[in-house]
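Residue numbers (this note's numbering), protein chains in the order written: chain A, 1 to 304; chain B, 1001 to 1278.
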């Protein structure tokens, strides 16, 4: 009798997750299926007839330098911002949690460093476009202080434009990484450090042999979430210059290429889908692989 | 000697932090200052102190066909709707995972974890075409309904509920004859409200800042959200009106800064909590 009541009650579990499951099937899974299906066709937004064309869209993608360039750009822009992001965040987290340094106002520092993360990326890109425009404050500052002989077109220089995208991404995300790393570091039992200190370990040794290994799950989390986000980079590079990756496609990302195909005069959504499918596959495989190979072995066993 | 090196190191660390803070805040400060300076002042040189031309800039901003107040209301409406829908359904889903034992529960939870790691945004083309078949393009429904299934939010909700659920309280409510959904509404939601509030902050900010999805789905100008207006502001009409461009950008950013100033504690601890698993 009691088990029946329990069964009846647990039935509510199904009921309560039903809205999520339905919404996921309708707005999450079906669009993924639909994108894959579209990628094998020559569907456009302008005409009603669409044919199955097999792998043609994909063949064209790989025959076209633009796709490979966009993939390369996306990886480059992500890696170049991720490396300093994790480096500086690690440095700050170690300092903020170090008892001997005893930094004052850790909460305030951290909160201020995190602020850019919450700002609207579209507005941030427009802001940096204005700051670095020909008549913008950066040029004024450089010329007034004789750092530059005359104002320059920053956003027509490939390296500077790429550097700016990297800087903005770094600027928006390092504070976030500090918070996550610190959460990981403060959850490491203090007793471990005390024991190491009794044994005469140096700060560097403790970092390498206690902090880093125990931080691994958190680092994997940061790595994966940052990569998944980085592969979908759109707002900043799209709005920083002309939306086509100027100068000369140097900041054209995967997502921008997909949008360009989608918004072309014919609306080639078949071809746009093939970009989405390729990037989806690449990112998912990378993120699941990283997670699988680097995950914490112990917790994997307890998870069953 | 030990003391001296610590002092020196501490001094260097503070110096580094101060420099980093300058880099972090200068762009935002310049934005706010320039929003109050006239275009002439902005052209004359860089300035770090606010001026008095904000109203003038506002006049130019709204006087050229860009309906900023409308965009503000649209963004507010959309973000509040998304927030309510995603928080409610995420908590409901998380509650099911914490309180009930049903077959496939572990699979479902693992699946949610995997979902967090997939770049779902890349199915936007299939999403768009499907929405146009359903007649939901250019409609906020296409932006609100998907938030019923917010994997990240469910994950956070589950972490949170596990720390606050009191099973005895639920059992007591059952003995009193309360229905399961009634227990969720009247017992669980009040207990979980601090967590729900944190989830709401994240949902609101994410929706407020979201550019890509509305940009694809919404086509009529009167439904534009603020990020989309920011994009149109880049057009020719405002090309030389620097003051009003800065003001337009500031208006989209300042509400979030105010929210953060009031509730930074919730946001920072929310970020930390969402990442520390198991």
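Each residue gets a CB set at the ideal place from its N, CA and C atoms; glycine is no exception.
Fully enclosed by the region 184-228 of chain A, which alpha helix (DSSP H) runs are 4 residues long or longer?
Taking only runs of at least 4 residues, the alpha helix (DSSP H) segments lying wholly in the region 184-228 of chain A are 190-198 and 203-206.
Member of B/1027, B/1224, B/1111 and B/1095 whose CA lies at the smallest distance from the CA of residue 1167 of chain B
Residue numbering aside, residue 1167 of chain B sits at position 167 when the second chain is read from its first letter. Among B/1027, B/1224, B/1111 and B/1095, the Cα nearest to that of residue 1167 of chain B is on B/1095.
Residues of chain B with CB closer than 7 angstroms to the CB of residue 221 of chain A, please, in chain order.
Here residue 221 of chain A corresponds to residue number 221 of the first chain, with the count starting at 1. By Cβ distance, chain B contributes 1275.
Rounded to the nearest angstrom, what separates residue 71 of chain A and residue 1051 of chain B at their Cα positions?
Within the first chain, the letter at position 71 stands for residue 71 of chain A. Within the second chain, the letter at position 51 stands for residue 1051 of chain B. Answer to the nearest angstrom: the Cα atoms are 45 angstroms apart.
Tell me which residue opens and which closes the alpha helix (DSSP H) that residue 72 of chain A is part of.
Working through the first chain from its first residue, we reach residue 72 of chain A at position 72. It spans 65-97 - the alpha helix (DSSP H) in which residue 72 of chain A sits, taken as one unbroken run.
Where residue 52 of chain A sits in the DSSP three-state scheme:
Reading the first chain from its first residue, position 52 is the one you call residue 52 of chain A. DSSP places residue 52 of chain A in strand when its eight states are reduced to three.
Name the residues in the region 91-118 of chain A whose C-beta lies less than 7 angstroms from a C-beta of chain B; which are they?
Answer set for the region 91-118 of chain A: 95, 100, 101, 103, 109, 110, 111, 112, 113, 114, 115, 116 and 118.
Of the residues A/199, A/183, A/207 and A/264, the one placed nearest residue 1268 of chain B, counting alpha carbons only:
Here residue 1268 of chain B corresponds to residue number 268 of the second chain, with the count starting at 1. The residue with the shortest Cα to Cα distance from residue 1268 of chain B is A/183.
Among A/162, A/129 and A/85, which residue has its Cα nearest to the Cα of residue 74 of chain A?
Your numbering for residue 74 of chain A matches position 74 in the first chain. Of A/162, A/129 and A/85, the residue nearest in Cα terms is A/162.
Could you tell me whether the Cβ of residue 1074 of chain B comes closer than 8 angstroms to any Cβ of chain A?
Locating residue 1074 of chain B in the second chain gives position 74, where the first residue counts as 1. No, no contact with chain A.
For residue 43 of chain A, write down the residues that DSSP places opposite it in a beta bridge.
The residue labelled residue 43 of chain A in the question sits at position 43 within the first chain. Beta-bridge partners of residue 43 of chain A (DSSP): none assigned.
Once the 5 residues before and after residue 269 of chain A are set aside, which same chain residues still bring their CB inside 7 angstroms of it?
Position 269 of the first chain holds residue 269 of chain A. Answer for residue 269 of chain A: 38, 43, 44, 45 and 262, listed in chain order.
Considering only residues of the same chain and omitting the five flanking positions on each side of residue 174 of chain A, which have a CB-CB separation below 6 angstroms?
If you number the first chain from 1, residue 174 of chain A lands on position 174. Taken in chain order, the residues that qualify are 85, 88 and 89.
For a contact meaning CB atoms closer than 7 angstroms, what does residue 179 of chain A contact in chain B?
Numbered from 1 along the first chain, position 179 holds the residue referred to as residue 179 of chain A. Simply 1268, 1271 and 1272.
Going straight from the alpha carbon of residue 1200 of chain B to that of residue 1083 of chain B, what length do you get?
Position 200 of the second chain, counted from the first residue, corresponds to residue 1200 of chain B. Position 83 of the second chain, counted from the first residue, corresponds to residue 1083 of chain B. Separation of residue 1200 of chain B and residue 1083 of chain B (C-alpha to C-alpha, rounded to the nearest whole angstrom) is 6 angstroms.
Between which two residues does the alpha helix (DSSP H) carrying residue 1158 of chain B extend?
Here residue 1158 of chain B corresponds to residue number 158 of the second chain, with the count starting at 1. Start and end: 1151-1164.
Which chain B residues sit within Cβ distance under 8 angstroms of residue 30 of chain A?
On the first chain, residue 30 of chain A is found 30 positions in, with the first residue counted as 1. Think of a sphere of 8 angstroms around the beta carbon of residue 30 of chain A: the chain B residues whose beta carbon falls inside it are 1126 and 1130, in chain order.
Residues in its own chain within less than 8 angstroms of residue 1144 of chain B by CB, not counting five upstream and five downstream?
Position 144 of the second chain, counting from 1, holds the residue named residue 1144 of chain B. Take residue 1144 of chain B, set aside five residues on each side of it, and the residues of its chain with a beta-carbon closer than 8 angstroms to its own are 1078, 1081, 1082 and 1085, in chain order.
Status (buried if at least 16 other CB within 10 Å, exposed otherwise) for residue 186 of chain A:
Looking up residue 186 of chain A in the first chain gives position 186. It counts as exposed.
Looking at the C-beta of residue 1190 of chain B, does it have a partner C-beta in chain A at a distance below 8 angstroms?
Working through the second chain from its first residue, we reach residue 1190 of chain B at position 190. Against chain A, the CB of residue 1190 of chain B has no partner CB under 8 angstroms away; the residue lies outside that interface.
With distances taken between CB atoms, is the gap from residue 1154 of chain B to residue 1170 of chain B smaller than 8 angstroms?
As a working note, residue 1154 of chain B is residue 154 in the second chain. As a working note, residue 1170 of chain B is residue 170 in the second chain. Residue 1154 of chain B is not a Cβ neighbour of residue 1170 of chain B, given a cutoff of 8 angstroms.
Any beta carbon from chain B within less than 8 angstroms of residue 176 of chain A's own beta carbon?
The residue you call residue 176 of chain A lines up with position 176 of the first chain. Yes, because at least one Cβ of chain B sits closer than 8 angstroms to the Cβ of residue 176 of chain A.
How is residue 1137 of chain B classed by DSSP in three states: helix, strand or coil?
Reading the second chain from its first residue, position 137 is the one you call residue 1137 of chain B. Note: residue 1137 of chain B maps to coil in three-state DSSP.
Alpha carbon to alpha carbon, how far is residue 1212 of chain B from residue 234 of chain A?
The sequence position of residue 1212 of chain B within the second chain is 212, counting from 1. The sequence position of residue 234 of chain A within the first chain is 234, counting from 1. Looking at the two C-alpha atoms, the distance is approximately 8 angstroms.
Starting from residue 1214 of chain B, trace the alpha helix (DSSP H) in both directions and tell me its first and last residue.
Here the question's residue 1214 of chain B lines up with position 214 in the second chain. Membership of residue 1214 of chain B in the alpha helix (DSSP H) is indicated by the continuous run 1212-1217.
What is the residue span of the alpha helix (DSSP H) that residue 288 of chain A lies within?
Along the first chain, one-based indexing puts residue 288 of chain A at 288. Segment 269-294, the alpha helix (DSSP H) holding residue 288 of chain A.
Spell out a yes or no on whether the region 128-147 of chain A and the region 195-212 of chain A are touching, meaning 3 or more CB-CB pairs, one atom from each, closer than 8 angstroms.
These segments do not touch.
Residue range of the alpha helix (DSSP H) that residue 1105 of chain B falls in?
Position 105 of the second chain, counted from the start, is the residue given in the question as residue 1105 of chain B. Per DSSP, residue 1105 of chain B belongs to the alpha helix (DSSP H) from 1105-1116.
Hey, quick one: how far does the alpha helix (DSSP H) through residue 1041 of chain B stretch, first residue to last?
Indexing the second chain from 1 puts residue 1041 of chain B at position 41. Where residue 1041 of chain B is concerned, the enclosing alpha helix (DSSP H) stretches over 1039-1044.
Cα-Cα separation, residue 1031 of chain B to residue 1249 of chain B:
Translated into positions along the second chain, residue 1031 of chain B becomes position 31. Translated into positions along the second chain, residue 1249 of chain B becomes position 249. Put simply, the backbone Cα of residue 1031 of chain B is about 8 angstroms away from that of residue 1249 of chain B.
Here's a check: name, in chain order, each residue in its chain whose Cβ is nearer than 7 angstroms to the Cβ of residue 97 of chain A, leaving out the five neighbours to either side.
If you number the first chain from 1, residue 97 of chain A lands on position 97. For residue 97 of chain A, where only same-chain residues beyond five positions count, the Cβ hits under 7 angstroms are 182, 185 and 186.
Does the CB of residue 292 of chain A have a neighbour CB from chain B at under 8 angstroms?
For the purposes of this step, residue 292 of chain A is taken as residue 292 along the first chain, with counting starting at 1. Closer than 8 angstroms: no.
Within 8 angstroms (strictly less), CB to CB, does residue 1222 of chain B reach chain A?
Counting from 1 along the second chain, the entry for residue 1222 of chain B is found at position 222. No, residue 1222 of chain B does not count as interfacial toward chain A.
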